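Below is one structure, written out as structure tokens; comments come after it.
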Amino acid sequence: MLTLHSSAYLSSFIITLNPPFLIKTPPFCSLRNPRFLVAMAMTSASTTGSHSRNRFRFSDEENGDYNQHIGGQAFSVAGSVASGFEGQEAFYGNADKRKEKRSLMSNDQGEDDYLLAEGRQPLWRKVPIASSLINPYRIVIIMRLVILVFFFHLRITTPVHDALALWIISVVCEIWLALSWIVDQLPKWFPITRETYLERLSIRFEREGEPNLLAPVDIFVTTADPLKEPPIVTANTVLSVLSVDYPVEKVSCYVSDDSASMLLFDTLSETAEFARIWVPFCNKYNIEPRAPEFYFSEKLDYLKDKVHPTFVKDRRAMKREYEEFKVKINVLVAKAQKKPEEGWVMQDGNPWPGNNIDDHPGMIQVCLGSAGALDKEGKALPRLVYISREKRPGYQHHRKAGAMNALVRVSAVLSNAPFALNLDCDQYINNSKVLREAMCFLMDPQLGKKFCYVQFPRRFDGIDCNDRYANHNTVFFDINMKCLDGIQGPMYVGTGCVFNRQALYGYEPPSEKRPKMKSCCWPSCCSSCSGDSQSTSDVEESDQELEDFDEEEELSFMSLKNLEKRFGQSPVFIDSALMEDGGLPKGTNTRLLIKEAVHVISCDYEEKTEWGKEIGWLYGSVTEDILTGFNMHCKGWKSVYCMPKKAAFKGSAPINLSDRLHQVLKWASGSTQIFFSGYCPLWYGYSGKLKCLQRLAYTNSIVYPFTSIPLLVYCTVPAVCLLTGKFIIPTLSNLASIWLMALFISIILTCVLELRWSGVSIQDWWRNEQFWVIGGVSAHLFAVFQGLLKVAGVDTNFTVRAKSANDTSFGQLYLFKWTTLFIPPTSLVILNMVGIVAGISDAINNGYDSWGPFFGKLFFSLWVIVHLYPFLKGLMGRQNRTPTIVVLWSILTAIIFSMIWVRLDIFLPKERGPVLKQCGIKC
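Numbering (our numbering), first residue to last: 756 to 1678.
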């Protein structure tokens, strides 16, 4: 038995399940059949064979032949043969039997021709929005733009002299909000939808009796803290990945643990064991979804379409197994709550390498995928790999973006699939055919190599039926993303996205050639490459050819140096990065793979390279997704938005008001960080490859937090008008009334027609409008100040959002106290309520003539309160009481503005009354 070296003397750890090394593990960190290895970098590991997609390329000439085949002989041969036999019945003695036999042969031939023709049909197609739906929408947008021009001309040329300050402030806010609407509206000009044909994909790449030609896919699952992201949630995500409807030898799942937690390590070990019975159960009965927690919790008729006689029995047995699995995970979680002072210790007395979360070596464990990793039916299982990148004090680790880049490099060394799907730990696969949906685009013979990624919409479980805080974000996913798909493609939203690995490496689309090395940059495979180069010609070399060869060798050496500066000091990774169709290089030395895998996740690997700048997930913002997708589109790539009828992925979302606001705060802060960085769409990427409307959409995604400033001011103006008795709009003439009514009508028509072509419900649209105001006057406003503080050198840190398996508890999300976000909207509500009371009292005191202007002010004030109504309901929260600080702040604000109304009317000059003098009796 091999003994375990102390972690104090190891710079990096390699954990695998491969023989011949066997090490005992502690009970907390064990499999049912544990094989745990911790060794130095020279350790053997099994690797997958190389894959090439050249086998399934279709050229334009083939498509042309196919079209000719369809139009000519494919459907006419059988008919002509049949008519020939009918004309010769008298000549043959047994014409009926011969005709029947010939007809059967004709049917078989016709079926083969049909399959051949169907296999060459497009794998997807665009479905444009019907002109009867989209054209009225476009016309109304143009009308609204024209009306806005005349409206602002009227507003600017008719000032309110007795409330000049309020009038100037209101006009500036209105112009800002109008420009914000234009920037948001113009990219919505070309909405489209797409549909895929999965049967054609199978006919083309999964022919019976031939090797499966579907491309391999690496799947990345990221987690940062198993105490805030429950291990049972991560386990369900991993199980849904392992049971996906895709060839098992072409699926590799990599789980990144940024906390180096022994809890998650052991959870994956238990998950790997449970997968041995869960995966065959899913494949046998074709169940959906394939995350057991959500499958068993569905309140549906699980017997529907299940005619197998043993299904009920097997389902009950599987549910018992899953309950036992949950108990084991809960026991592990309970043990993890009480960490020993000396840290976790393994059975042989050596400490767990990840006891110090900020100072630990890199770790890799192959949980599934090695020899003997079979399910209970003896079939192979997908590969499952645990990864924890090295962390040392003094190094920047770049949060999720750094973890994703580490996953890209490790997967390139171990499997190097040409495509990669990334998922958050709480985002499980709801549609088991999701990889096939993505392959319909990425494996398209004509356009597949020009797509950088396929983005799927985010859908959520556990949200209240009213969706009070617009967690579904339906307007963005069902309207905005469809419209971007008609330009250059949707934005990357951080999860549920299948990438082309070449796009992640910073390459440009294949219209331009990339530098390819003549000689292999990995010494262990030079023999295979040199054999290929020597077989090109049998002619004797001349002196000139020798000189050319020397020049090529020199250029090759220079290219290698440039590639090392670009990708890092790993010949193995560089060699895999140069393989356009993925797969591992020929002649790979498998003994070096694990060593290289640990090397590429070291904390100093990215120094003096382009990782995070032009390669992989980009650094510089907590919303690395926007940066990464924007950089790809700037290089000329296109993306695809895929919306299958059955939701591809589902996950959890914060249903608590404070959690939701902090989530929005993170997104808005990331946008402000990008605005103040060198990657701002306003001045970055002017190479002619980013379309204007696409740039406008990215600009809108960056500048929208700054709209919080005019929004907050504009929500304050109605209350100030009610308190001061003045209004921002002068007495309207007939023409002015017409333009104002036309503006309101155009706003209503725009919304109605947008809902009509998109299919979004009016409730979802209204919730989105409400939360736009709530987030705008709270989270967006704080994000702007955080961005300004960061520019001034004051950094603001974020922590992981707490996720719950049962949606009953939420933890603190960020370093800022969550109650501070409640202050601005609460103050607005109290202020407008006080203003309404003051306006009513003023109208009563001044008589009938004052009620007309009062109703105009009341309309705008009620507009603010109605939009903030979900916030008012959320103030009670789950504790059924309003936070004390919010109550005190609200009372203080109400008192201050009441005093301003009663005594300190600062917006208007005071009118002096008559001068009183003593004049005696003669007065």
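Ideal Cβ positions, reconstructed from N, Cα and C, are used throughout, including at glycine.
Because the structure is a prediction, the values reported are computed rather than measured.
Residue pairing by DSSP places H908 in no beta bridge whatsoever. For the 9 angstroms CB-CB criterion, V1140 and I1356 do not form a contact. Sequence-distant Cβ neighbours of L1576 in its own chain, meaning closer than 8 angstroms and more than five residues away, are S1413, L1416, H1417, L1420, S1533, A1534 and F1537. Under the 8 angstroms Cβ criterion, the segment 1219-1237 counts as touching the segment 1508-1522, having at least three qualifying pairs. With a cutoff of 9 angstroms on beta-carbon distance, S1011 and V976 are scored as near each other. By the neighbour-count criterion, in which 16 or more other beta carbons inside 10 Å mark a residue as buried, G1425 falls on the buried side. Listed as beta-bridge partners of H1115 by DSSP are K1146. In the three-state DSSP reduction, G1338 falls in the coil class, being neither helix nor strand. Inclusion of F1404 and I1218 in the CB contact set at 9 angstroms is not warranted, their separation being larger than that value. The segment 1444-1459 makes contact with the segment 1241-1248, as at least three CB pairs between them are under 8 angstroms. Taking G1367 as reference, the option from K1400, N1160, D1113 and Y1603 with the minimal CA-CA separation is N1160.
M1194 is classed as buried because its beta carbon has at least 16 other beta carbons within 10 Å across all chains shown.
Only residues of its own chain outside the window of five on either side were considered, and among them T1462, S1463 and L1466 have a CB closer than 7 angstroms to the CB of G1531, listed in chain order. Beta-bridge partners of D973 (DSSP): S1007 and A1175. Here G1594 carries a helix assignment [DSSP, helix/strand/coil]. Minimum Cα-Cα distance from W944 among the listed residues S1513, S925 and R1031 corresponds to S1513.
Proximity of the segment 923-936 to the segment 897-911 meets the contact definition, three or more beta-carbon pairs being nearer than 8 angstroms. Residue burial annotation: P1460 is buried, with at least 16 other C-beta atoms found within 10 angstroms of its C-beta. Taken in chain order, the complete alpha helix (DSSP H) segments of 4 or more residues contained in the segment 1339-1397 are 1348-1354 and 1379-1389. Collapsing the DSSP output to three states places T978 in a strand. In the structure shown, the three-state DSSP call for T948 is strand.
Separation of L1176 and Y1208 (C-alpha to C-alpha, rounded to the nearest whole angstrom) is 9 angstroms. Inclusion of V999 and S1170 in the CB contact set at 9 angstroms is not warranted, their separation being larger than that value. In summary, Q1201 is exposed, with fewer than 16 beta-carbon neighbours lying within 10 Å of its beta-carbon over all protein chains present. In this model, C1358 and W1033 are separated by some 36 angstroms (Cα to Cα). Under the three-state reduction of DSSP, W1099 is assigned to coil, being neither helix nor strand. Contact check for D1021 and L1087: beta-carbon distance about 6 angstroms, within the 8 angstroms limit, so the pair qualifies. At the C-beta level, G1629 and R1213 stay beyond 9 angstroms of one another. The C-beta distance from Y1009 to L1162 rounds to 5 angstroms, short enough to fall under 8 angstroms. A distance below 6 angstroms between beta-carbons, with the five flanking residues on each side excluded, links S1007 to the following residues of its chain, in chain order: D973, R1138 and S1170. When the beta-carbon positions are compared, F1080 and E1025 come within less than 9 angstroms of each other. Bounds of the beta strand (DSSP E) holding W879 are W879 to P883. Looking at the DSSP output, I1184 shares a beta bridge with F1404. Here DSSP, grouped into helix, strand and coil, assigns Q1324 to coil. Distances from the alpha-carbon of F1526 to those of A1135, E1263, V1621 and F1066 put V1621 closest. Under the three-state reduction of DSSP, D1130 is assigned to coil, being neither helix nor strand.
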